[in-house]
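Take a look at the structure below.
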Amino acid sequence: MSLTLEYFLFVLAAAMGFIQFAAGRGGLRGLLFSQNPRFNRALAVSLALPPMVAFFTWNYRNPVGIIEGAQQAGMFSLAVLAAMSLTMIMGSVFNHRRLSSDAKSTSCMEDLKNMTFFQAFRKRYLWKR
Amino acid sequence: METLINIDKGIALFVNNLAGRWWPLDELVRGLANDYFLVVGASLGLLVLWFGSPDGSKRELNQRLALQAMASLGLAAAAVYFLSEAFFRSRPFDEIAVTTLLYRPTDSSFPANAAGILFGLAFAVWLGNRQAGKIFLIVAGIHSLARVIAGMHYPFDIVAGAAVGGLIALGVRWLFNVLSPLVNLLLRLARAFFLA
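Protein chains in written order, with the working numbering: chain C, 56 to 184; chain A, -11 to 184.
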């Protein structure tokens, strides 16, 4: 596996963990993979910890292996965008039955407290037609 | 100037004395000083700032700060690049008898790139949210100290990097005020996808 791909995958997993942790703190239930706060926190840690350990030991595993700065920035942005998209999709699938699109819409991130991304999207853009 | 450089080298040697004495400390410094662990950690910390506030108005403030921090990070990296092209300074391991714990970069030591990036990010957050900003500043400080212990930078490189980061963060804050309609548009666009 190339260093760039390794970096991308580690950032992707870590970003998903950080988003789970943050969504739990922010009460954004539509983004959570589990509605049990303790389990979700444990899930966030288990997603973020291994890649962070991998980053900590990066030079131990690759003594001269570095990724050029611009490439690193590009890969990082791509991985975070992918993590956000995956979180929205997975959160929508896992919470489809638990959350309801009947909740009052505010047309911003606040909606994700009571609805999944797809429920909020459908309510805002498709129901109006 | 000569005196200042000698003092800088003296402090670098003194701090670098910690390297190569005790292997657990060496491994810790290697992990903290590398280009990935704390840089990625701090950047991902912005996601916590973005998604992590339960209160709507505080969330919007934090999201503006996260945007400022991202802009500061990028502009600080660019500023450090141009400064290091203009003022080349050799790395400590090329000039003095330091113990090097990581790989040996060939680019300029001055100003410290990672310090510029991390302090740029940290000051941008600190200017609007002291509590969260303190955490980012501590991370930037730990990374910078680890880079000096690892023999990759002189202390003055770090101070210069932090100053560049701080100035860029102030500039970005001013720029965000001037360009507030554009920032509002960006946030409205994010709101359209329930991201803000």
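Don't be surprised by glycine CBs; every beta carbon is placed ideally from N, CA and C.
Distance CB(residue i)-CB(residue j) smaller than 8 Å
i: A138 of chain C; j: L67 of chain C; result: yes
i: L63 of chain A; j: P99 of chain A; result: no
i: A77 of chain C; j: F39 of chain A; result: yes
i: N50 of chain A; j: N5 of chain A; result: no
i: F173 of chain C; j: S147 of chain C; result: yes
i: D(-4) of chain A; j: P169 of chain A; result: no
i: R179 of chain A; j: S162 of chain C; result: yes
i: D166 of chain C; j: F107 of chain A; result: no
i: A7 of chain A; j: V127 of chain A; result: no
i: A151 of chain A; j: D23 of chain A; result: no
i: R161 of chain A; j: L115 of chain A; result: yes
i: G81 of chain C; j: S41 of chain A; result: yes
i: V68 of chain A; j: G149 of chain A; result: yes
i: K178 of chain C; j: L83 of chain C; result: no
i: M170 of chain C; j: R47 of chain A; result: no
i: A157 of chain A; j: F111 of chain A; result: yes
i: N95 of chain C; j: L87 of chain C; result: yes
i: I153 of chain C; j: Q90 of chain C; result: Position check: residue 153 of chain C holds Arg in this sequence, whereas Ile was assumed. Taking 8 Å as the Cβ cut-off, R153 of chain C and Q90 of chain C qualify as a contacting pair.
i: A184 of chain A; j: L173 of chain A; result: no
First through last residue of the alpha helix (DSSP H) which encompasses residue i
i: Y91 of chain A; result: No alpha helix (DSSP H) contains Y91 of chain A, which DSSP labels as neither H nor E.
i: M71 of chain C; result: L58 to G81
i: L1 of chain A; result: E(-10) to N4
i: D145 of chain A; result: P143 to V166
i: K122 of chain A; result: R118 to I137
i: Y115 of chain C; result: W113 to R116
i: M145 of chain C; result: G124 to F149
i: G108 of chain A; result: N101 to W114
i: A85 of chain A; result: Note, A85 of chain A: premise wrong, no alpha helix (DSSP H); not H, not E.
i: F98 of chain A; result: F98 of chain A -> no alpha helix (DSSP H), and no H or E assigned at all.
i: A175 of chain C; result: F172 to F176
Within chain A, partners of residue i - CB distance below 9 Å
i: R80 of chain C; result: V36, F39, G40, S41 and P42
i: L154 of chain C; result: Going along chain A, no residue has its Cβ under 9 Å from L154 of chain C, so there is no contact; the nearest lies around 13 Å.
i: F88 of chain C; result: By Cβ distance, chain A contributes nothing, its closest Cβ being about 14 Å from F88 of chain C, past 9 Å.
i: F94 of chain C; result: Per Cβ cutoff of 9 Å: no residues; F94 of chain C is ~18 Å from chain A at best.
Partner residues on chain C for residue i, Cβ-Cβ distance less than 9 Å
i: L187 of chain A; result: Since the first residue shown for chain A is -11 and the last is 184, residue 187 of chain A is missing from the structure and cannot be characterised.
Neighbouring residues, chain A, relative to residue i (Cβ below 7 Å)
i: W119 of chain C; result: Reading the sequence as shown, one finds Val at residue 119 of chain C and not Trp. Those are Y91, listed as they occur along chain A.
i: G124 of chain C; result: A65
i: A158 of chain C; result: None at all; the shortest Cβ gap to chain A is about 13 Å.
i: A99 of chain C; result: In chain order: nothing, as chain A lies at least about 10 Å away.
i: M145 of chain C; result: Going along chain A, no residue has its Cβ under 7 Å from M145 of chain C, so there is no contact; the nearest lies around 15 Å.
i: F76 of chain C; result: V36
i: M56 of chain C; result: None at all; the shortest Cβ gap to chain A is about 16 Å.
Neighbourhood of residue i by C-beta distance below 8 Å, restricted to the same chain and skipping five residues each side
i: A21 of chain A; result: L89, L90, H131, A134, R135, I137, A138 and M140
i: A102 of chain C; result: A quick correction: the sequence has Leu, not Ala, at residue 102 of chain C. For L102 of chain C, where only same-chain residues beyond five positions count, the Cβ hits under 8 Å are A68, A69, M71, G72 and Q75.
i: A93 of chain A; result: In the sequence under discussion, the amino acid at residue 93 of chain A is Pro, which differs from the Ala named in the question. Excluding positions up to five away in sequence, the list reads R79 and M140.
i: D185 of chain A; result: Any answer about residue 185 of chain A is impossible in this case: the structure gives chain A only from -11 up to 184.
i: G19 of chain A; result: F25
i: V171 of chain A; result: R52, L55 and F164
i: N150 of chain C; result: R84, G85, L87, Q90 and T171
Contacts around residue i, its chain only, beta-carbon distance under 6 Å, and the 5 residues preceding and following it disregarded
i: V113 of chain A; result: L53, A57, A120, G121 and F124
i: A65 of chain A; result: I105
i: Y115 of chain C; result: none
i: M143 of chain C; result: F172
Interface partners of residue i on chain C, CB under 7 Å
i: L32 of chain A; result: A69, A70 and F73
i: D23 of chain A; result: I121
i: G19 of chain A; result: F111 and T112
i: G129 of chain A; result: Within 7 Å Cβ-Cβ: nothing; G129 of chain A doesn't reach chain C, min ~18 Å.
Contacts that residue i makes with chain C (C-beta to C-beta distance below 8 Å)
i: L183 of chain A; result: M139 and M164
i: R179 of chain A; result: S162, C163 and M164
i: R47 of chain A; result: G81 and M164
Cβ-based neighbour list, residue i, same chain, cut-off 7 Å, excluding 5 preceding and 5 following
i: L1 of chain A; result: I84 and V86
i: T59 of chain C; result: I122, Q126 and M130
i: A134 of chain C; result: F63, V66, L67 and A70
i: F81 of chain A; result: T88, R92 and G139
i: G33 of chain A; result: F124
i: I141 of chain C; result: A small fix is needed here, since residue 141 of chain C is Leu in this sequence, not Ile. Same-chain partners within the cutoff: M71.
i: M107 of chain C; result: A69
i: L98 of chain C; result: Q75, F88 and S89
Under 8 Å by beta carbon: chain A residues contacting residue i
i: F131 of chain C; result: V28 and S31
i: L167 of chain C; result: F182
i: V66 of chain C; result: V28 and L32
i: A175 of chain C; result: F182
i: F172 of chain C; result: F182
Query - Uninterrupted alpha helix (DSSP H) stretches inside the region 1 to 75 of chain A (no shorter than 4 residues) - result: 11 to 21, 25 to 39 and 44 to 74
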